[in-house]
Every structure is written in C-alpha cells, then in structure tokens.
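Notes follow once the structure below has been shown.
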C-alpha cells in the first residue's frame, strides 16, 4: 500500500530558521577567514625573516672571506692610551647610539688589505700586486694607501668622529704626525698600534730593503735607494689596497679597490691610485654593525651584524674570524 503525504503536510524553512542558518554560516566564514588571514600573515612574517637571514648570511660571508684571505688588518686600530674611547671596538646602530667619551660620532668600520686572489681586470696579476713583481704590499709609500688623504680616504680611522683629519697624506692613522711608526714590530709612537704609520723607507733603516740583506736575491746587497724596500729598482710602488666595510644609513657597503681609473683623476702621479674604488651594498635593513679587534697573539676580529625587518623582527649573526686564516 502506498502512503501519500498530503500537500498540506509539506513543510519548508521558516524565516527565523533561515536567519539563524545565515548567522551561523557568517560566523563560520568569519572564523575561517581569520584563520586564513592569520596563516597568510604568518607566512609573510616567515618569508621576511627568511630573507633577513639570507641577507645577513651573505653579508657576513663576504666579510669573513675577505678577512680570512687578507694579510693585514687595517681597521679597527688597537686602543690608544691617551684617548677616552675604545679604538679596538667600532660599533654603529640605527638609530644612532651616542658616542663614547670625547668622540663626536660612533661609526663602525672594518678594513683589511686586498686579498691576493682578486684580479678584477683579468690581466693575470693579482690586483694587490701593484708593481707586478710577484710580491704584495712590500714597498709602501709614506701615504701607505696612496689615496692622498689622512688615513684611509673618507674613513674615520681613529674613531674620534672626524674624517681624514690630521697632518696630511703621510699621517696614516690620523694621529697628527707623519711617518712615526716604521715596520719593526714596535709601537714607536706609543699610540697602542704597531707598524701602522711607516715612512717610505718602511723599516726606517736607511737602506734599500733590509740593511745587509740581499732582499731580492740577485746577488747585490742594499742595491738602490732607501725608499726601495724590495730592491727592485722602483720606489714605494706597492701600497696597501684597502677593502672597507662600513654603514651608509641602514645599508652595509663593501668598498673594493680597482686597478683602473675609476674616478677619472690622473693627478698628481698617474691615473690609478687609492682613490679608485667601487662600492656595493651587500645588506639592507641593518640596525647594528659592530667590529671588535680581539687581543691575542693572532689578529682576530669579532663581527656582529643585526638586520631588523619591518615588523620589528631581528636577525643577528656573530662570528669570530682570524686574519689570513686560509693563507
């Protein structure tokens, strides 16, 4: 037997039920939307942090590699006993932190001599071998960076807040005197640093090369002028070529010397000198850069780099690296 439901018994949704169902659906959709938005926000935060980490690692690796392959740590200097700020620590923050003692500006800088594996002009000679004699940094002028500036051009070498101040080209440490610390392993000028301000006769002995020594092994002893520190016939023809890392606002910059006339200046003694360099931004969003010259028998620097994202997330790297570790 078939039972038929009478049309009068058919029942749909009431208006109240529809309103309740709609409200429930809206609540569920809102909750789902919040979850999705939160997930997307977390993804954005994670992506930004990941980018900060990549940027920080890239910049740190650039600095570490350069220090490990360099022969000379130029900056920071060691502490000067007559100043009231620490030269061996150079730290800079964004926003700027106050300077220490009577220094007028806190700046961070790392400078080392150009590694021997760099040949930017691909001529078969290391760019650091300026005189192409197979040796590097062995015949310094009295302006050891050959940039016609006190200390390193455009850099606050001694951390006092002033740039390129001092007595002139031959004042390589901005100490106020010229050629006062020859290459003899002694702190001749009592400023805490050793061999940082040599004359053009680098060891100050008045002889070509080292007195009484056949430096270039050609059978002749002390052949040449006193300024010819490698006895090759040329005088002060192989200066330091500094690689410099510093902050420009919140950007970490690498300054690389180049073996061509980058600045277009050929005066006073030729087209290529220490004023020729290129700069590259190797990290942005930098909120802190710190370089510490550690004491000990080997020259080691402690590098600290902090990057801060738009949401306030901070990525920090700390690395101790020994000068010339891979040589």
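In our numbering, the protein residues as written are 8 to 334. Just so it is clear, CB atoms sit at the ideal spot from N, CA and C, and this is done for glycine as well. In this text the structure is predicted, and so the values were computed from the model without any measurement.
Cβ-based neighbour list, residue i, same chain, cut-off 6 Å, excluding 5 preceding and 5 following
i: residue 204; result: 179, 180, 187, 188
i: residue 100; result: 295
i: residue 80; result: 119, 306, 330
i: residue 211; result: 189
i: residue 125; result: 134
i: residue 132; result: 139
i: residue 262; result: 251, 284, 286
i: residue 194; result: 201
i: residue 108; result: 91, 92
For residue i, the three-state DSSP class (helix, strand or coil)
i: residue 71; result: helix
i: residue 100; result: strand
i: residue 274; result: coil
i: residue 29; result: helix
i: residue 24; result: helix
i: residue 169; result: coil
i: residue 332; result: coil
i: residue 296; result: strand
i: residue 139; result: coil
i: residue 38; result: helix
i: residue 117; result: strand
i: residue 224; result: coil
i: residue 301; result: strand
i: residue 59; result: helix
i: residue 13; result: Below a pLDDT of 50, predicted positions are generally treated as unreliable, and residue 13, at 49, falls in that range; no measurement from the model is reported.
i: residue 8; result: Per-residue confidence for residue 8 stands at a pLDDT of 45, beneath the threshold of 50, marking its modelled position as unreliable; no derived number is given.
Residue-chain proximity (residue i, chain B), Cβ-Cβ < 8 Å
i: residue 191; result: Although the question refers to chain B, the structure presented lacks it and comprises just one protein chain.
Distance, residue j Cα to residue i Cα
i: residue 106; j: residue 112; result: 5 Å
i: residue 227; j: residue 314; result: 57 Å
i: residue 26; j: residue 37; result: 16 Å
i: residue 240; j: residue 215; result: 9 Å
i: residue 252; j: residue 123; result: 18 Å
i: residue 317; j: residue 151; result: 42 Å
i: residue 208; j: residue 57; result: 52 Å
i: residue 78; j: residue 319; result: 38 Å
i: residue 334; j: residue 95; result: 24 Å
i: residue 223; j: residue 231; result: 11 Å
i: residue 34; j: residue 54; result: 30 Å
i: residue 24; j: residue 31; result: 11 Å
i: residue 267; j: residue 72; result: 24 Å
i: residue 238; j: residue 141; result: 13 Å
i: residue 302; j: residue 273; result: 40 Å
i: residue 254; j: residue 293; result: 8 Å
i: residue 69; j: residue 39; result: 45 Å
i: residue 221; j: residue 242; result: 16 Å
i: residue 197; j: residue 191; result: 14 Å
i: residue 175; j: residue 304; result: 32 Å
i: residue 60; j: residue 153; result: 37 Å
Unbroken beta strand (DSSP E) run spanning residue i, endpoints
i: residue 289; result: 284–290
i: residue 235; result: Unbroken run through residue 235: none, as it is neither H nor E.
i: residue 315; result: 307–315
i: residue 132; result: Looking at the DSSP string, residue 132 is not in any beta strand (DSSP E), and its letter there is neither H nor E.
i: residue 249; result: 249–255
i: residue 263; result: 258–264
i: residue 112; result: No beta strand (DSSP E) contains residue 112, which DSSP labels as neither H nor E.
i: residue 81; result: 80–82
For residue j and residue i, believed in contact at Cβ under 8 Å, the rounded distance
i: residue 260; j: residue 286; result: 5 Å
i: residue 134; j: residue 264; result: 7 Å
i: residue 328; j: residue 74; result: 5 Å
i: residue 199; j: residue 88; result: 6 Å
i: residue 202; j: residue 137; result: Rounded, the Cβ-Cβ distance is 19 Å, inconsistent with contact.
i: residue 248; j: residue 121; result: 4 Å
i: residue 338; j: residue 236; result: Residue 338 is absent from the model: the chain starts at 8 and stops at 334.
i: residue 98; j: residue 297; result: 4 Å
i: residue 117; j: residue 82; result: 6 Å
Spatial neighbours of residue i in its chain, beta-carbon cut-off 8 Å, leaving aside the 5 residues before and after
i: residue 22; result: none
i: residue 290; result: 62, 63, 65, 66, 258, 259, 312, 314
i: residue 165; result: 84, 87, 90, 94, 158, 180, 181, 182
i: residue 213; result: 233
i: residue 115; result: 97, 98, 99, 253, 254, 296, 297, 298
i: residue 256; result: 101
Own chain residues within Cβ distance below 7 Å of residue i, not counting five before or after
i: residue 67; result: 310, 312, 324, 326
i: residue 170; result: 161, 162, 163
i: residue 110; result: 92, 166, 167, 168
i: residue 177; result: 149, 150, 185, 186
i: residue 279; result: 266, 267, 268
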